[in-house]
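Chain order of the listed sequences is W and G.
Using this note's numbering, the letters of the first sequence map in sequence onto residues 73 to 220.
Using this note's numbering, the letters of the second sequence map in sequence onto residues 189 to 448.
We put the CB at the ideal spot given by N, CA and C, even for glycine.
Predicted, not measured: the structure shown is a model, and the values here were computed from it.
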Amino acid sequence: MPLFLLWLGIFETSKVALIAVGVFFPVYLGVMGAVLGVDRKIVEVGRIYRLSGLALARRILLPAILPALVVALRTGLGLGWMFVVAAEYMGASEGIGYLLVDGQQLGKPDQIIAAILVFALLGKAADAIIVALAAPALRWQDAYQGGR
Amino acid sequence: MSVDLEISGLAKTYPNGLRALGGIDLRVPAGEILAIVGGSGCGKSTLLRLVAGLETPSAGSVRVGGDLINGPHPAVGLVFQEPRLLPWLSVADNVGFGLAALPPGERAVRVATALDRVGLTAHAQAWPRELSGGQAQRAALARALVTRPQVLLLDEPFSALDALTRTALQDHLLELWAFERPTLVLVTHDIEEALVLADRVVTLRPRPGRVDDIRTVAMSRPRDRDAHAFEVHKRQLRAALNQSLAPDTLAPDSLTAAAL
Numbered sequence: 073m074p075l076f077l078l079w080l081g082i083f084e085t086s087k088v089a090l091i092a093v094g095v096f097f098p099v100y101l102g103v104m105g106a107v108l109g110v111d112r113k114i115v116e117v118g119r120i121y122r123l124s125g126l127a128l129a130r131r132i133l134l135p136a137i138l139p140a141l142v143v144a145l146r147t148g149l150g151l152g153w154m155f156v157v158a159a160e161y162m163g164a165s166e167g168i169g170y171l172l173v174d175g176q177q178l179g180k181p182d183q184i185i186a187a188i189l190v191f192a193l194l195g196k197a198a199d200a201i202i203v204a205l206a207a208p209a210l211r212w213q214d215a216y217q218g219g220r
Numbered sequence: 189m190s191v192d193l194e195i196s197g198l199a200k201t202y203p204n205g206l207r208a209l210g211g212i213d214l215r216v217p218a219g220e221i222l223a224i225v226g227g228s229g230c231g232k233s234t235l236l237r238l239v240a241g242l243e244t245p246s247a248g249s250v251r252v253g254g255d256l257i258n259g260p261h262p263a264v265g266l267v268f269q270e271p272r273l274l275p276w277l278s279v280a281d282n283v284g285f286g287l288a289a290l291p292p293g294e295r296a297v298r299v300a301t302a303l304d305r306v307g308l309t310a311h312a313q314a315w316p317r318e319l320s321g322g323q324a325q326r327a328a329l330a331r332a333l334v335t336r337p338q339v340l341l342l343d344e345p346f347s348a349l350d351a352l353t354r355t356a357l358q359d360h361l362l363e364l365w366a367f368e369r370p371t372l373v374l375v376t377h378d379i380e381e382a383l384v385l386a387d388r389v390v391t392l393r394p395r396p397g398r399v400d401d402i403r404t405v406a407m408s409r410p411r412d413r414d415a416h417a418f419e420v421h422k423r424q425l426r427a428a429l430n431q432s433l434a435p436d437t438l439a440p441d442s443l444t445a446a447a448l
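Here it is as structure tokens:
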């Protein structure tokens with residue numbers, strides 16, 4: 073973060089860079105793990121029908137990793153919110169993270185609690201959007217549905 | 189519509205030094221049903237994967253209607269031991285998987301015909317997980333047949349099913365085969381299955397896999413599994429299979445004894 077501040081300035085760019093770097097690798101690792109875990113037997117079905125590399129990725133790999141991709145994105149999003157707080161904690165003059173710092177330094181617990189609640193609501197809402205977007209594509213899943 | 193399948197000098201040695209196949213020569217004339225039997229580890233699945241173009245041979249060649257196989261070939265269909273339906277596609281979309289190049293209208297007609305032939309029209313929009321084992325394997329058969337392969341390969345297709353479903357599907361396979369009469373190569377460890385379906389039965393000898401015995405099944409179809417002639421064929425094939433499993437060093441006398 074100090075390097076980002078030096079290189080990219082104290083404005084939005086440095087914070088966006090910090091969040092992007094922090095979120096990228098967990099999501100990347102999650103997706104790569106899923107790709108490597110795709111069942112060879114399913115890939116062979118694609119090979120029998122002579123799918124090209126691109127078609128194999130689109131028609132076999134992508135649907136096969138979609139559940140893991142959604143989980144990785146949800147994890148990344150949660151992590152992203154944490155990085156928002158961290159980034160704004162370290163050098164911001166506005167934003168919810170700044171309100172947290174400001175509340176702490178000026179002794180305003182109501183402001184802190186309000187900021188935490190806003191974070192919680194935003195996080196939950198963003199997560200719900202991903203789940204809702206992915207739901208139609210994941211209806212095929214034969215898994216424990218949490219008692220539904 | 190079908191073509192000859194020619195396997196000559198086909199050998200496969202894996203990088204770890206395992207000799208799975210040691211020189212197979214087989215000619216399957218167009219429209220024939222050939223069964224390949226053998227003990228586990230005799231290379232029968234490897235043989236099928238080589239013909240399907242999923243693996244490359246260490247030596248020798250496979251020709252389908254004159255075309256040299258060096259990868260999956262459009263005229264060759266394959267049914268695996270497991271259905272291997274794609275869980276994210278409906279049954280109809282699974283069956284139409286190999287028809288992506290066709291216009292949607294024509295694809296729908298072909299898929300509907302295939303589903304009708306395997307009796308799954310009512311399950312067209314179901315998810316694969318909602319099918320029973322036998323239904324899933326019928327869907328896999330439909331997926332392989334909908335592209336109208338001239339050579340159809342089956343790798344122990346019914347071995348995971350219960351005895352009743354297996355018998356029903358064996359008869360069903362013959363009905364499906366009769367539509368287009370593709371050249372059919374069936375790998376199985378089930379003697380009865382080989383005798384019900386095949387025109388000829390090849391017995392492989394393991395380590396490395398090579399042809400031990402080829403016998404013609406001269407019975408008219410449909411074949412009665414309880415008929416006396418069927419029992420005789422069964423006994424002979426079991427003897428041949430036992431002999432193929434006996435170590436190479438045994439004397440001919442002890443081979444006969446082992447077969448009885």
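| query | result |
| --- | --- |
| Determine whether the beta carbon atoms of I114(W) and A129(W) lie at a separation below 8 Å. | no |
| Terminal residues of the continuous alpha helix (DSSP H) containing G322(G)? | 321–333 |
| I want to verify the contact list: residues of chain G whose CB lies under 9 Å from the CB of K113(W), in sequence order. | F268, E270, R272 |
| Output the distance between the C-alpha atoms of A164(W) and E243(G), rounded to the nearest integer angstrom. | 59 Å |
| Using a cut-off of 9 Å between C-beta atoms, extract the partners of L242(G) located in chain W. | E116, R119, I120 |
| Just mark P396(G) as buried or exposed, buried being the case when its beta carbon has 16 or more other beta carbons within 10 Å. | buried |
| From the DSSP output, read off the bridge partner residues of K200(G). | L209(G) |
| Counting only runs of 4+ residues fully inside the segment 354–392 of chain G, write out the alpha helix (DSSP H) ranges in chain order. | 379–385 |
| For T326(G), which residues in the same chain have their Cβ closer than 8 Å to its Cβ, ignoring the five residues on either side in sequence? | In the sequence on display, residue 326(G) carries Arg and not Thr. Contacts found: V306, G307, L308, L357, H360. |
| Give me the Cα-Cα distance between A223(G) and A415(G), rounded to the nearest whole angstrom. | 20 Å |
| Considering only residues of the same chain and omitting the five flanking positions on each side of L364(G), which have a CB-CB separation below 8 Å? | R305, V306, L329, L333 |
| Return no unless some Cβ of chain G is closer than 8 Å to the Cβ of P208(W). | no |
| Just the C-alpha distance for G102(W) and P370(G), rounded to the nearest angstrom, thanks. | 44 Å |
| Going along chain G, which residues have a C-beta under 9 Å from P135(W)? | L274, P275, W276, L277 |
| Compare the C-beta of D315(G) against all C-beta atoms of chain W and say whether one is closer than 8 Å. | Reading off the sequence, residue 315(G) comes out as Trp, not Asp. It does; some Cβ of chain W falls within 8 Å. |
| Exposed or buried, which one is L372(G) when buried takes at least 16 other CB atoms within 10 Å? | buried |
| For A223(G), name the three-state secondary structure that DSSP assigns. | strand |
| Which same chain residues, not among the five before or five after V110(W), have their C-beta less than 8 Å away from its C-beta? | I132, L133, A136, I137 |
| Taking D350(G) as part of the alpha helix (DSSP H), name the residues at either end of that continuous run. | No alpha helix (DSSP H) contains D350(G), which DSSP labels as neither H nor E. |
| Leaving out the 5 sequence neighbours to the left and right, which residues in its chain are closer than 6 Å to S320(G) when beta-carbon positions are compared? | none |
| Just the C-alpha distance for I184(W) and A204(W), rounded to the nearest angstrom, thanks. | 30 Å |
| For W212(W) and chain C, any beta-carbon pair shorter than 8 Å? | Absent here is chain C; the protein component of the structure consists of chains W and G. |
| Looking at C-alpha atoms only, which residue of G169(W), V173(W), A197(W) is the closest neighbour of L149(W)? | A197(W) |
| Any residues in the segment 343–369 of chain G with a beta carbon nearer than 9 Å to a beta carbon of chain W? Which ones, in chain order? | none |
| Kindly list, in the order they appear in chain W, the residues whose Cβ is closer than 9 Å to that of P217(G). | Ordered by position in chain W, no residue passes the 9 Å Cβ test against P217(G), which lies about 24 Å from the chain. |
| Going by C-alpha distance, which of R237(G), F285(G), G241(G) is nearest A127(W)? | F285(G) |
| Below 8 Å between beta carbons: does that hold for L433(G) and I379(G)? | no |
| Return the residue from the list G205(G), S196(G), L352(G), P260(G) that minimises the CA-CA distance to G248(G). | S196(G) |
| Mark P181(W) as exposed unless 16 or more other C-beta atoms lie within 10 angstroms of its C-beta, in which case mark it buried. | exposed |
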